[in-house]
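All remarks here apply to the structure that follows.
Residue numbers (the numbering used here), protein chains in the order written: chain F, 340 to 754; chain B, 340 to 754.
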């Protein structure tokens, strides 16, 4: 993927102390990517004149367009204009046009201008001020050798408006029009990343399509990317190859969450579902019901922590629990069967296991999970041994359960 | 606050295309700040050998410690080791110690090692490998002139574990001990940020204590910060003031999640709980059971989407639902009462509402939610009108329910 000669420099102590996450870089990157541009780099420095100045000196020699955010406010730690003047060798002077912008901003709101606000008009000598529709601090634009610099406030709403109004049009005029990135995402469950990678027949993917991976536990996200006028066709070809090789492992595509896909399939099939969750404690139900329309297929769900709940609501015999334990193949089977009898749904899924950190034994260590699915053709049960801490085991268990439902529904729709 | 000679370099196309927000820089910054260190700068570049290499060359001349994250995976877009070798003028060789770590990782899990995984042992010649407890990719450590470089994987959980295990101890040994930032967090529910701000008697807070805010929907996080030898005392004083003013609105403190605090209080009180969720679809149960030890108080939970489920499991009369609707004060009351009768728990909480986007009416628009709590002293019911989209309404509803349980339990413990 080609990068473009654009860099972002953000300033702010709180971005480097872990207090605040920088969103401005992401906002700029996202807007640029819609126009086919990718940033060459982003940098973040504290509110210190020396550090801002050093970063500017580095970037001026490295890229053609620099977007700086933050440090244009009226308080003592707003030092960006001063740092820019120093890095670019220009004196700092009151910019009359900027001062007029600030005056008008206060006048329009019938508010009194504080002496501190005048400082916001102190800019490097050759600056061209940029209007700020939402705040007092004007931005500014500077040329230095072959480089163009844009200085914007750090407040995200002000930054975004000014970037779109004053920076993007310049970039689009000066950087040759490119066709934007197109992308297809495949969310893969049940295979680790190197395994997925080894299953991709790279030689059969059309040239111009790039493959990238991301993790979204427990999913591996496979991304196909292409640029240019033929991107759609190339991606269609690549997608056909990927779907042929990985087909059944693809749990969802593009922006859709796996739980949304499962819900959509259930609605499409007309199948109804009930759930009995022990170790996942309601996570499966919560995932499915986070999507609109879940009431069309989900009849009910039970979180049956106590044995009495398993006996009452799921008609699991007390004797069976005593004999085999609540975490057992027999119990999972009885939970699913009892649930289906109680609810009359097409599918009844039950899950019982040891999510930890306590409750494990030698025979059934933490991570032991039984899933049972009762359907029109009988009950299917399987034991899993998941690893990791409690929330990870719960999440993996919930996704495995969703995957069972997805595969059953797909086969049902096929038949 | 003084900055220290530490920089973070993150790599990844998706961080510069707006697809993914970098959290690793924030994680490192936050851990460092607990030890009194602040980053001098952070940099982000795409998965391109040339750009990674250029950034490393710049940083090597600028700071003493560099932490690099990302690009250590087994696929073609993992180029960090190669870029480091180029920037530092070292050949790339198979590191036997790293290879052994990878082999052991697979052997311990009885999994087959893919040929691609061997590539993860290709490191710059003088690298010292760093163990990765959670994944296949070892990290590595290098010295170059006066600079020390640490290379860690980009997966946040692996990165964090390795940073704490292999990097932090080195930094603490090599950078003079400073008095770290001390911080107290208060997670406040039910009040908007400007309201919280206006309730703080700033003049009564001791000098040297700073106040900051963050949002973690639906919570407002109030942070008190102080440096230096007297930080603890100053924060004790400030905390007393804050607790006096905001006391009952503080749902949890510091690192504890509200659901963990509620669970802890329930365990402490000995009260047992059952849940009947309609519009929240299992979210309350899922939050409570994500914490270890939930089985001590949670007897069971029902997600009763269908009316038949409300009738069966909660003994809500069909007539009542016909007359008042499933989203009604009468139904919420009947759900809680029926649940308590069925389970025999001390507390039975029921919730029913319209999470949207469909199902709203003029009388009961999307966001209408009834919460009912049945306890030893009878049933309490209340109607709420929440706003926002489905997931936001579900989250707000779940937190409100947790808040009911928390306040009941506190009063119970007080009495």
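Don't be surprised by glycine CBs; every beta carbon is placed ideally from N, CA and C.
Supposed contact pair residue j and residue i - C-beta distance, whole angstroms, cut 8 Å
i	j	result
residue 365 (chain F)	residue 357 (chain B)	5 Å
residue 395 (chain B)	residue 426 (chain B)	4 Å
residue 682 (chain F)	residue 638 (chain F)	5 Å
residue 419 (chain F)	residue 411 (chain F)	6 Å
residue 496 (chain B)	residue 473 (chain B)	6 Å
residue 714 (chain B)	residue 693 (chain B)	26 Å between Cβ atoms; not a contact.
residue 567 (chain F)	residue 613 (chain F)	That pair is no contact at about 49 Å.
residue 400 (chain F)	residue 520 (chain F)	With 8 Å as the limit, residue 400 (chain F) and residue 520 (chain F) do not qualify as a contact, their Cβ atoms being about 27 Å apart.
residue 382 (chain F)	residue 371 (chain B)	Incorrect: roughly 18 Å between the Cβ atoms, too far for contact.
residue 640 (chain F)	residue 655 (chain B)	Not a contact, Cβ separation roughly 17 Å.
Span separating the alpha-carbon of residue i from that of residue j
i	j	result
residue 724 (chain B)	residue 712 (chain B)	18 Å
residue 448 (chain B)	residue 531 (chain F)	13 Å
residue 345 (chain B)	residue 486 (chain B)	10 Å
residue 635 (chain F)	residue 616 (chain F)	20 Å
residue 378 (chain F)	residue 533 (chain F)	28 Å
residue 511 (chain F)	residue 597 (chain B)	47 Å
residue 450 (chain B)	residue 475 (chain B)	11 Å
residue 387 (chain B)	residue 721 (chain B)	57 Å
residue 429 (chain F)	residue 464 (chain F)	6 Å
residue 353 (chain B)	residue 355 (chain F)	21 Å
residue 349 (chain F)	residue 348 (chain B)	14 Å
residue 677 (chain F)	residue 658 (chain F)	15 Å
residue 552 (chain B)	residue 494 (chain F)	15 Å
residue 574 (chain F)	residue 421 (chain B)	29 Å
residue 652 (chain B)	residue 675 (chain F)	16 Å
residue 498 (chain F)	residue 507 (chain F)	12 Å
residue 453 (chain B)	residue 484 (chain F)	50 Å
residue 561 (chain F)	residue 525 (chain F)	5 Å
residue 528 (chain B)	residue 538 (chain B)	14 Å
residue 550 (chain F)	residue 423 (chain F)	39 Å
residue 742 (chain F)	residue 728 (chain F)	21 Å
residue 501 (chain B)	residue 579 (chain B)	37 Å
residue 409 (chain B)	residue 491 (chain B)	6 Å
residue 670 (chain F)	residue 719 (chain F)	13 Å
residue 563 (chain B)	residue 363 (chain B)	24 Å
residue 455 (chain F)	residue 361 (chain F)	26 Å
Nearest to residue i (by Cα), restricted to the options the options
i	options	result
residue 600 (chain B)	B:382, B:745, B:421	B:745
residue 645 (chain F)	B:609, B:684, B:669	B:684
residue 443 (chain F)	F:650, F:433, F:477, F:603	F:477
residue 752 (chain B)	B:520, B:610, B:631, B:500	B:610
residue 571 (chain F)	F:588, F:548, F:429	F:548
residue 732 (chain B)	F:652, F:748, F:631	F:631
residue 750 (chain F)	F:608, F:680, F:455	F:608
residue 380 (chain B)	B:422, B:438, B:562, B:343	B:343
residue 726 (chain F)	F:469, F:695, F:719, F:564	F:695
residue 436 (chain B)	B:479, B:400, B:413, B:650	B:479
residue 783 (chain B)	B:467, B:416, B:423	No answer is possible for residue 783 (chain B): it lies beyond the span of chain B, which begins at 340 and ends at 754.
residue 605 (chain B)	B:633, B:392, B:522, B:562	B:633
residue 433 (chain F)	F:457, F:424, F:446	F:457
residue 717 (chain B)	B:362, B:680, B:577, B:728	B:680
residue 703 (chain F)	F:514, F:667, F:734	F:667
residue 368 (chain F)	B:446, B:730, B:385, B:392	B:385
residue 629 (chain F)	F:397, F:393, F:603, F:522	F:603
residue 482 (chain F)	F:536, F:351, F:523, F:509	F:509
residue 413 (chain F)	F:393, F:441, F:392, F:730	F:441
Cβ-heavy atom distance, residue i to the ligand FMN, below 7 Å
i	result
residue 736 (chain B)	With respect to small molecules bound, the structure shown includes none, and the ligand FMN cannot be examined in it.
Contact between the region 552-565 of chain F and the region 731-747 of chain F (3+ Cβ pairs under 8 Å):
Taking a cut-off of 8 Å for Cβ pairs, the region 552-565 of chain F and the region 731-747 of chain F touch, as three or more such pairs fall below it.
With contact counted as at least three CB pairs below 8 Å, one residue from each stretch, are the region 700-712 of chain F and the region 679-689 of chain F in contact?
Counting Cβ pairs under 8 Å, three or more are found: they touch.
Three or more C-beta pairs below 8 Å linking the region 575-595 of chain F and the region 580-588 of chain B
Proximity of the region 575-595 of chain F to the region 580-588 of chain B falls short of the contact definition, fewer than three beta-carbon pairs being nearer than 8 Å.
Are three or more beta carbon pairs between the region 624-637 of chain B and the region 617-626 of chain F nearer than 8 Å?
Counting Cβ pairs under 8 Å, three or more are found: they touch.
Stretch pair the region 692-700 of chain F + the region 661-671 of chain B: three plus CB contacts closer than 8 Å
No, they do not touch.
Are there three or more Cβ pairs, one per stretch, closer than 8 Å when the region 542-551 of chain B is compared with the region 391-410 of chain B?
At 8 Å Cβ cutoff, the stretches do not touch.
Entirely within the region 665-709 of chain B and at least 4 residues each: give me those alpha helix (DSSP H) ranges in chain order.
The region 665-709 of chain B contains these whole alpha helix (DSSP H) runs: 668-682.
Along the chain, which unbroken stretches of the alpha helix (DSSP H) at least 4 residues long are found entirely within the region 519-564 of chain F?
Secondary structure remark: continuous alpha helix (DSSP H) runs of at least 4 residues inside the region 519-564 of chain F, in chain order: 532-538.
What alpha helix (DSSP H) runs, 4 residues minimum, are completely inside the region 562-612 of chain F?
For the region 562-612 of chain F, the full-length alpha helix (DSSP H) segments reaching 4 residues or more read 570-585, 597-608 along the chain.
In the region 482-513 of chain B, which residue ranges form an unbroken alpha helix (DSSP H) of at least 4 residues, counting only runs that do not cross its ends?
Qualifying alpha helix (DSSP H) stretches, in chain order: 495-501, 507-513.
Unbroken stretches of the alpha helix (DSSP H), 4 residues or longer, contained in the region 351-431 of chain B
For the region 351-431 of chain B, whole alpha helix (DSSP H) runs of length 4 or above, ordered along the chain, are 352-355, 363-373, 388-399, 419-427.
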